[in-house]
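**Student:**
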Amino acid sequence: MAGLELLSDQGYRLDGRKPSELRKVQARMGVFAQADGSAYIEQGNTKALAVVYGPHEVRGSRSKTLHDRAVINCQYSMATFSTAERKRRPHGDRKSSEMSLHLKQTFEAAILTQLYPRSQIDIYVKILQSDGGNYSACVNAATLAVIDAGVPMRDYVCACSAGFVEDTPLADLCHTEESGGGTSLALALLPRGGQIALLQMDARLHQDHLDALMEAAMTACRSLSNVLDGVVRQHLQEVSLLTRE
Amino acid sequence: MAVDMRLPTVRKQVADSLLSATAGKHLVVPGDVITSDTGFMRGHGTYMDEDKLTASVAGEVERVNKLICVKPLKTRFNGEVGDVVVGRITEVQQKRWKVETNSRLDSVLLLSSVNLPGGELRRRSAEDELTMRHYLQEGDLISAEVQSVFSDGALSLHTRSLKYGKLGQGVLVQVSPSLVKRQKTHFHNLPCGASVILGNNGFVWLYPTPGQQDEEAGGYYTSMEPVPLADREVISRLRNCLLALAAHKVLLYDTSLLYCYESSLPHQIKDILKPEVMEEIVMETRQRLMDQEG
Amino acid sequence: MLKSKTFVKKTRSGGVMKIVREHYLRDDIWCGSEFCVECKQDSTVLQQDACIESNLLSSPHYLIPDTNVVLHQIDILEDPLIRNVIILQTVLQEIRHRSAPVYKRIKDVVHDKEKHFYTFTNEHHRETFIEREQAESANDQNDRAIRVAAKWYSEHLKNAPKAEELKIVLLTNDRANKEKAEESGLVAYKCEEYIKSLIANPELVDRLALTSDDQNEITTSKLLFPEHLPLSRIQAGIKSGSFLQGTFRASRDNYLEATVFVHGEGEESTEVLIQGLQNLNRAVHQDVVAVELLPRDQWVAPSSVVLQDEGPKEDDKEEEAENMLRCEANEAMLKPTGKVVGIIKRNWRPFCGMLSKSQIKEATRHLFTPADRRIPRIRIETRQAAALEGQRIMVAIDGWPKHSRYPNGHFVRNLGSAGDKETETAVLLLEHDVPHQAFSQAVLSFLPKMPWRITEEDMKNRVDLRHLCVCSVDPPGCTDIDDALHCRDLENGNLEVGVHIADVSHFIRPGNALDQEAANRGTTVYLCEKRIDMVPELLSSNLCSLRSNVDRLAFSCIWEMNHNAEILNTRFTKSVINSKASLTYAEAQMRIDDTSMNDDITKSLRGLNKLAKILKKKRIEKGALTLSSPEVRFHIDSETHDPIDLQTKELKETNSMVEEFMLLANISVAQKIYDEFSECALLRKHPAPPPSNYDILNKAANSKGLLIRTDSAKALADSLDEAKVDGFAYFNTLLRILATRCMMQAVYFCSGMDSDFHHYGLASPIYTHFTSPIRRYADIIVHRLLAVAIGADCTYPDLMDKHKQSALCNNLNYRHKMAQYAQRASVAFHTQLFFKNRGILNEDGYILFVRKNAIIILIPKFGLEGTVFFENKDKPSPRLTFNEEAPTLTVEDHTFHMFDKVKVTISLDSSNIQHQKIRMALIEPVIPGVSVALPEGEPEAKKAKLDR
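Chains as they are written, first to last, in my numbering: chain A, 695 to 939; chain B, 1072 to 1365; chain C, 32 to 979.
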């Protein structure tokens, strides 16, 4: 048989979602005491942990120091047990380096780095379980961690993947959908202003479809930002409740 | 040997009714527009987005006349002149030390801002520059006060008082700077038999209450005398109490620490960090603090 | 609600992986019934009056079939009578895994609004989702899921108002499942039980597929065939190399012989010969099978014997027949021989054919003889045997048990009486899978509204060429004119030549129903008396057809040439033209030849003709082949539509004139679109045939003492030109006919998927089809590509997707091949009709091929090929000596060579109404006991001979 049917005639996806529906999102902020900011997110079976240190004095070579803004240092890694087949190297391979770079670009667009000249902000993300949309989970987790660290940002950065199957855009792809052929893109959005922090697509897609696909991804990002917003506000209320005097 | 093991438990949800207690506060998240009125001044934690004053951090809005700031829940230490800090030397440079004080850039302790042995009015010679490492070397902990703030936000410290200087034997606890309550003094000799320096930067130093004789040493003498077990136990208990309070986001000052210490006495020191014990102790502390206030 | 689905999967490297998938359960899936008030439905599918008259149920009911019922009884479900069926997702998915054709069919049924089939996504519904229980097999789980869903439906609709009467009926053939369903209070029937209970429609019973329970009665208990191996063992065998996997291809001429085409790694693919019933082991043409090679000492050579299954006969006879195959074969002829050990995938489709009624009068079991000789006879059960006699019917195979000589099947539908022109046409269209239904309303809705005229909008990106003196040249009676030409002198002394092609892509926009239908049909099919259009008539014969004296949209290819026919400049543009004349080839020829005519059109034609001659010469110098095939044209009686005369096609200069320019346009366009879209240009290639293909041609030429060089197209063309035998003018044509048969098929392909673009026959490095968009879909795609290339139109996604493009090419190639076969079959049928009216004729012919027990003769006058057999079942065979090398066949004392001239009688043999055929018998040379003397007296005798 020729692969799996990613979208049934009735309009349900393999896992029973409609094309525009996201997976279940659960998130927590402030999971570590030692770090300046930390967060954990689950998007379906994709689980990611993000930790933020900083802003602090630039470590390592001084030459990296920027005199007008902060340096953002990202590291993406995947736990060896995160995929179905055990990974050899948790980080440092090409894919991880690329992902790190993408994260860096995304957050440079969102964090108000000019407020912290000559300092450095570290964002470390780790995928604990991988089921598609790793980039998005990382961005979303990192956003929460950055907020937790009290580092000023223009807006949330929400990321979501979207794919194109049988002329229908699907939001928030799971691993099976990602690997089922077809084009997918990852989009990081500052939802309030609608600015795009990052847009990445590796495969070919016809120009006519791009708008539909991006629209789907943006809608997904917006709904995701609502979820994150809820998480942040909840956290904010809880903490301010405890510290009230 | 019996090992105490515990499984992760379901996180407690704060009841909605309690949360509504925060309704009076103006809480914002990044990207929230605070006001589109142009008559206000932009303070920390905000930025102007097309003439709208927008929050850039998650936290509580504070207004002082026309100035609007957002105070984030937790952040790195933003030092102000006069703040007491505890810090660690990270680098010895020419005429100055770099000190890690949990702020966004390392703080500076100028050679000219320290009291060197031999009295306050001693001239700094070239020889002193060469022996800087002799006084303070990398990894040493110090207590100091913020002397001034540089334009890029870095702090300049001084230890021009006998109460500041190099720290000897003791325990460092790191908590969020926002949990340290600003008070007249941050040096406390607690009645339980230990002393504490509550640095504004969230670094808390617990040490045995010094005897009178130490004062003479100009702060650069480190006693290597073994600390008696009783003192060590008190310090350990205080450390765990501090962590318990921090975990429950209780503001730290001498009274809260002391009450917590007293509440913890029925428990063994190592048990204090168990979630249920921690909760019980903190509850009791809060209760006592409220009674005292009310 | 969220459930995760966890399962363990073995990886390719042998490791074990645990895969966790999310499985969301929803509460917004509606039940699809008109009764229901609870579900928030977008649209209801299942009707309120879902009543089929039945003995078992008097009230309205919805049917829920289980997987096996859908798989086996799809014919029943497709019947318009069966409505209001709930297809569960579980069922649908299982079908998808098990049979792609059935899946496609059930999907089509679900899409049909009239059928009221509803697909219920039960596995994602909160209340019908079930979790796998401990030690429950996948099958049991599915059965349980079906029961749970059925149960849910009955409970769910119980609450609905007015639905008290409604019943949910589970159809299952599995006894255990049925019992369990009844236990839980469901109404469950066996499929047969239910269908038989339908009062008003007894004919449905015939269409029931036989299930394994009740097929033992007829067959002897003796096992006729070895058991098929289970799939797991087959796979293991294929992996270890002890078995080979391939497509089973039955021989057309010999029912006891077949080849299995094994696709090897990379390029190499081999053929394995299978001989004898036991070894064929119930494989049917086109199945994917696993074969085991026999030891080398049991290898045999393909027999040249022609054998037909004459129906049930004694075992010993069969053995005898099999023995016959194994006669003398020299070492060199031995081919890898094997036996079928298992079937990997059945490729059964409904077959057209006729019923051979059982001798027993009341019997309900009959044999069905498919029209395609490669398909075995099929045993079916029907009560309407009497009514179906002499009718063309369709039958589907259900299974082939190992103790049955023939596969079991069931009746699908009646096509009409045999011999009837309509029926026969329908049969040949069906057999060749030619879509020939009338265009649906959805398709027609995309046609332009009449009256149509050219608007301002249309003129955008178009050049007005109405002032040019354009004319079209086509065969007589042609209504779909897709090309027109012009030629004029330019001021600088050069010539401007234009080829104007109907702008079909202007009317057929990508992706709409009209486009999809055209893409599916792929080509217009021309039968002798009928045309099956690819696009609706309004377009093909009116708006797109470049008729004279009306404004028409065109796609023009305009060259500037010098008088040596060298292209100086090429220009493509969309245009508007106004053809000044629609000529036939003969009319155009007349104008060119008539020196008294000097109007613009004639001058233009003369210019074109002159250039065409130069172009053709150049082309032939480059090595283009001119091949030949005997083509005939029927003169059809205008009233009865019977063929009244036969005429071989005559080629005029003007034919080749038009052809030359079309070739030129195609090559120019091919180059242009390939330059522009190197990844997704649709091109046409004609691979060079492997040298072994030329064996027969070489042997034939050698027999006349000639040498044909086949090392290159050029060499072949030259040596064909030189090959002439004095006093035998037709020899060259015969050679060319043979050469044609050595060629490969030309195919469409997508440039991104292939590297070899060469067109062997035309000796062109690149080629495509551009000039007939009305009748070929490939041309429409090429038009679109070209339009994008010149910026006259915008692109769309599928056009740039090389995989979709390539899939389209496959369909187009398939449709073209089938259209060709259908065309040939239609010619054959009309030839038969022709001879039916003519009676018996005596004609001269040439031997085209020599076989082991027969010679194949070509009658040039009719372009007809026939076989003369020298063996007959009930007559002692003459002495036959076959020489493979020459090849010659010596019958008694006469030796037949290829190309020998013979005289034969031709008559129509209608003893077998299904396979009416042209019978040929030898008159000259006279061989006693073989040739016939009196053509008039012969038919009776022969008929008697053939009756069994």
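We put the CB at the ideal spot given by N, CA and C, even for glycine.
#1: By the three-class DSSP mapping on this structure, what secondary structure does P466 (chain C) have?
#2: Assign F482 (chain C) to buried or exposed, taking buried as 16 or more other Cβ atoms, counted over all protein chains shown, within 10 Å of its Cβ.
#3: In angstroms, rounded to a whole number, what distance separates the CA positions of P261 (chain C) and R436 (chain C)?
#4: Please report the Cβ distance between C1331 (chain B) and V1305 (chain B), rounded to the nearest whole angstrom; I am assuming they are in contact, meaning their Cβ atoms lie under 8 angstroms.
#5: Do R1175 (chain B) and R1147 (chain B) have their beta-carbon atoms positioned less than 7 angstroms apart in this structure?
#6: What does the alpha-carbon distance come out to for the pair V76 (chain C) and L188 (chain C)?
#7: Counting only runs that start and end within the stretch 451–525 of chain C, where is the alpha helix (DSSP H) found for 4 or more residues in a row?
#8: Counting only beta-carbon separations shorter than 7 angstroms, does M831 (chain C) have a partner in chain A?
#9: Suppose contacts are defined by Cβ-Cβ distances below 7 angstroms. Is S579 (chain C) in contact with S606 (chain C) by that definition?
#10: Where does E575 (chain C) land, buried or exposed, given buried means 16+ other C-beta within 10 angstroms?
#11: What residue from C:E916, C:F470, C:Q120 has the CA that sits closest to E154 (chain C)'s CA?
#12: For V1220 (chain B), which of helix, strand or coil comes out of DSSP?
#13: For M814 (chain C), count the other beta carbons within 10 Å of its own beta carbon; 16 or more makes it buried, fewer makes it exposed. Which is it?
#14: List, in chain order, every chain A residue whose beta-carbon is nearer than 7 angstroms to that of A1129 (chain B).
#15: Is it buried or exposed for D97 (chain C), if we count other Cβ within 10 angstroms and need 16 for buried?
#16: Check this for me: beta carbons of V319 (chain C) and T290 (chain C), under 7 angstroms apart or not?
#17: Quick one: grab the DSSP three-state call for T301 (chain C).
#18: Closer than 7 angstroms, CB to CB, is H761 (chain A) near chain C or not?
#19: So, are the CB atoms of V765 (chain A) and Q720 (chain A) less than 7 angstroms apart?
#20: Apart from the five residues just before and just after L1314 (chain B), which ones in its own chain have a Cβ nearer than 7 angstroms to its Cβ?
#21: If the criterion is Cβ atoms closer than 7 angstroms, does the pair N204 (chain C) and C222 (chain C) meet it?
#22: Using 8 angstroms as the cut-off, can you tell me whether the stretch 228–240 of chain C makes contact with the stretch 122–132 of chain C, which would need three or more C-beta pairs spanning the two stretches below that distance?
#23: Any idea what DSSP makes of E710 (chain C), helix, strand or coil?
#24: Quick one: is M695 (chain A) near chain C, going by C-beta distance under 7 angstroms?
#25: Just to confirm, is the Cβ distance from S635 (chain C) to S503 (chain C) under 7 angstroms?
#26: Would you say G857 (chain A) lies against chain C (beta-carbon separation less than 7 angstroms)?
#27: Is it buried or exposed for D73 (chain C), if we count other Cβ within 10 angstroms and need 16 for buried?
#28: Please list the residues of the stretch 705–726 of chain A that have a C-beta atom closer than 7 angstroms to any C-beta atom in chain C, keeping them in chain order.
#29: Counting only beta-carbon atoms, is H155 (chain C) nearer than 7 angstroms to chain A?
#30: Under 7 angstroms between C-beta atoms, does H903 (chain A) make it to chain C?
#31: Is it the case that the stretch 734–744 of chain A contacts the stretch 888–902 of chain A, given that we only count it when at least three CB pairs across the two stretches are under 8 angstroms?
#32: Taking 7 angstroms as the threshold (C-beta atoms), are A856 (chain A) and P863 (chain A) in contact?
#33: Name the two residues that bound the continuous beta strand (DSSP E) containing F274 (chain C).
#34: How about S776 (chain A) and Q737 (chain A): are their beta carbons less than 7 angstroms apart?
#35: May I ask you to list the residues that DSSP assigns as paired with G430 (chain C)?
#36: Buried or exposed: where does E412 (chain C) fall if 16 or more other Cβ atoms within 10 Å of its Cβ makes it buried?
**Tutor:** The structure says:
#1: What you label residue 466 (chain C) is simply residue 435 of the third sequence in a count that begins at 1. Three-state result, P466 (chain C): coil.
#2: Stepping through the third sequence from its first residue, residue 482 (chain C) is reached at position 451. Residue identity differs from the one stated: residue 482 (chain C) is Pro in this sequence, not Phe. Classification for P482 (chain C): exposed.
#3: Taking the first residue of the third sequence as position 1, residue 261 (chain C) is located at position 230. Taking the first residue of the third sequence as position 1, residue 436 (chain C) is located at position 405. Computed Cα separation, rounded: 21 angstroms.
#4: In the second sequence, counting from the first residue as 1, residue 1331 (chain B) sits at position 260. In the second sequence, counting from the first residue as 1, residue 1305 (chain B) sits at position 234. Their Cβ separation, rounded to whole angstroms, is 13 angstroms, which puts C1331 (chain B) and V1305 (chain B) out of contact at 8 angstroms.
#5: Within the second sequence, numbered from 1, the residue matching residue 1147 (chain B) stands at position 76. Within the second sequence, numbered from 1, the residue matching residue 1175 (chain B) stands at position 104. Yes. Within cutoff.
#6: For the purposes of this step, residue 76 (chain C) is taken as residue 45 along the third sequence, with counting starting at 1. For the purposes of this step, residue 188 (chain C) is taken as residue 157 along the third sequence, with counting starting at 1. Spanning the two alpha carbons is a distance of roughly 14 angstroms.
#7: 452–462, 472–475, 487–490
#8: The residue labelled residue 831 (chain C) in the question sits at position 800 within the third sequence. Interface residue, yes.
#9: Along the third sequence, read from residue 1 onward, the residue named residue 579 (chain C) stands at position 548. Along the third sequence, read from residue 1 onward, the residue named residue 606 (chain C) stands at position 575. In this structure, S606 (chain C) does not lie closer than 7 angstroms to S579 (chain C) by Cβ.
#10: Position 544 of the third sequence, counted from the start, is the residue given in the question as residue 575 (chain C). With the sequence shown as reference, residue 575 (chain C) is identified as Cys, and Glu is not the correct amino acid for it. Burial call: buried.
#11: Within the third sequence, residue 154 (chain C) is the residue found at index 123, counting from 1. Residue C:Q120 is the option with its Cα nearest to E154 (chain C).
#12: Counting from one through the second sequence, the residue named residue 1220 (chain B) turns up at place 149. The answer is strand: DSSP assigns V1220 (chain B) an E or B state.
#13: Within the third sequence, residue 814 (chain C) is the residue found at index 783, counting from 1. Correcting the residue identity first, residue 814 (chain C) is His in this sequence and not Met. Flag for H814 (chain C) reads buried.
#14: Start at 1 with the first residue of the second sequence, and residue 1129 (chain B) comes out as number 58. Correct list: I841, V926, L930.
#15: Here residue 97 (chain C) refers to the residue found at position 66 when the third sequence is read from its first residue. Buried.
#16: Taking the third sequence and counting its residues from 1, the one referred to as residue 319 (chain C) is at position 288. Taking the third sequence and counting its residues from 1, the one referred to as residue 290 (chain C) is at position 259. No; because the gap between Cβ atoms is not below 7 angstroms, this pair is not in contact.
#17: As a position in the third sequence, residue 301 (chain C) is number 270, starting the count at 1. If DSSP states are grouped into helix, strand and coil, T301 (chain C) belongs with the strands.
#18: What you label residue 761 (chain A) is simply residue 67 of the first sequence in a count that begins at 1. No, H761 (chain A) lies away from the interface with chain C (no Cβ there is under 7 angstroms from its Cβ).
#19: Taking the first sequence and counting its residues from 1, one reaches residue 765 (chain A) at position 71. Taking the first sequence and counting its residues from 1, one reaches residue 720 (chain A) at position 26. No, the Cβ-Cβ distance between V765 (chain A) and Q720 (chain A) is not below 7 angstroms.
#20: As a position in the second sequence, residue 1314 (chain B) is number 243, starting the count at 1. Cβ within range, chain order: V1244, L1344.
#21: Stepping through the third sequence from its first residue, residue 204 (chain C) is reached at position 173. Stepping through the third sequence from its first residue, residue 222 (chain C) is reached at position 191. The answer is yes: Cβ separation under 7 angstroms.
#22: no
#23: Here residue 710 (chain C) corresponds to residue number 679 of the third sequence, with the count starting at 1. Correct three-state label for E710 (chain C): coil.
#24: Locating residue 695 (chain A) in the first sequence gives position 1, where the first residue counts as 1. Low local confidence applies: a pLDDT of 35 at M695 (chain A) is under 50, so the model's placement there is unreliable, and no value is given.
#25: As a working mapping, residue 635 (chain C) is identified with position 604 in the third sequence. As a working mapping, residue 503 (chain C) is identified with position 472 in the third sequence. Contact: no.
#26: Here residue 857 (chain A) refers to the residue found at position 163 when the first sequence is read from its first residue. Not an interface residue.
#27: Here residue 73 (chain C) is taken as the residue at index 42 of the third sequence, counted from 1. So D73 (chain C) ends up on the exposed side.
#28: Y706, D709, G710, R711, R717, K718
#29: On the third sequence, residue 155 (chain C) is found 124 positions in, with the first residue counted as 1. True, the Cβ-Cβ gap to chain A drops below 7 angstroms.
#30: As a working note, residue 903 (chain A) is residue 209 in the first sequence. Yes - at least one Cβ of chain C is within 7 angstroms of the one on H903 (chain A).
#31: no
#32: Looking up residue 863 (chain A) in the first sequence gives position 169. Looking up residue 856 (chain A) in the first sequence gives position 162. A contact, by the Cβ cut-off of 7 angstroms.
#33: Along the third sequence, read from residue 1 onward, the residue named residue 274 (chain C) stands at position 243. That run of the beta strand (DSSP E) goes 274–281.
#34: Residue numbering aside, residue 776 (chain A) sits at position 82 when the first sequence is read from its first letter. Residue numbering aside, residue 737 (chain A) sits at position 43 when the first sequence is read from its first letter. Contact flag unset, no.
#35: As a working note, residue 430 (chain C) is residue 399 in the third sequence. Per DSSP, C:N439.
#36: Translated into the one-based positions of the third sequence, residue 412 (chain C) becomes position 381. Its Cβ being crowded by 16 or more others within 10 Å, E412 (chain C) is buried.
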